[in-house]
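Count along the sequence shown starting at 1, add 299, and that's the number in the working numbering.
Built from N, CA and C at the ideal position, the CB exists for glycine as well.
Down below is the structure, laid out as structure tokens.
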Amino acid sequence: MKSLVDYDIKILIALLQSLKGRRDFFKFLVNNGYPELAAWSNAVRGDEEALHWLFDNGYGILGVLSNAIDGEKKAVQWVMMSKDEFLINFSAACRKEEDGMRWLKERDLEIFIQMVYSIRTILELQIKDQIFWYRWKN
């Protein structure tokens, strides 16, 4: 399986926009042979079906990455044991660990830095939705 760093920059820009909730870019990814990236963007946004799709269709690494970003203990451990510097530092940066963001900045991985900021926003909204769950009951 390809690492996120192996995708063409144009595809990564589409992924960034999909993470931001742009359905047109989500559809672009699906229709142009990147269903794994479309599913991953939805999994990061909290879509359980998309997460299961990743595991069921040979993209388990992206599923684990999504879970590690969420701070799930076993996923974080798996990422650490993988010794994949990108996965370790990208997921850490998404969890607001300074070393992870520093690693990305030192390597000028700007598109991934932008993804981190988008993912942090997504995670903050998910936390607010959990705290104020009663607002969604009506």
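Buried/exposed call for residue i, threshold 16 Cβ in 10 Å
{"i": "residue 300", "result": "exposed"}
{"i": "residue 360", "result": "buried"}
{"i": "residue 341", "result": "buried"}
{"i": "residue 388", "result": "buried"}
{"i": "residue 366", "result": "buried"}
Residue j beta carbon less than 9 Å from that of residue i
{"i": "residue 410", "j": "residue 315", "result": "yes"}
{"i": "residue 246", "j": "residue 328", "result": "Only positions 300 to 437 of the chain appear in the structure, and residue 246 is not among them; the question remains open."}
{"i": "residue 302", "j": "residue 386", "result": "yes"}
{"i": "residue 369", "j": "residue 422", "result": "yes"}
{"i": "residue 339", "j": "residue 362", "result": "yes"}
{"i": "residue 418", "j": "residue 343", "result": "yes"}
{"i": "residue 392", "j": "residue 380", "result": "no"}
{"i": "residue 308", "j": "residue 333", "result": "no"}
DSSP three-state assignment for residue i, whether helix, strand or coil
{"i": "residue 383", "result": "coil"}
{"i": "residue 439", "result": "Outside the shown range of the chain, which is 300 to 437, sits residue 439, and nothing can be said about it."}
{"i": "residue 371", "result": "coil"}
{"i": "residue 302", "result": "coil"}
{"i": "residue 322", "result": "helix"}
{"i": "residue 422", "result": "helix"}
{"i": "residue 328", "result": "helix"}
Residue interval of the alpha helix (DSSP H) (run including residue i)
{"i": "residue 401", "result": "397-405"}
{"i": "residue 366", "result": "359-368"}
{"i": "residue 309", "result": "308-318"}
{"i": "residue 353", "result": "347-355"}
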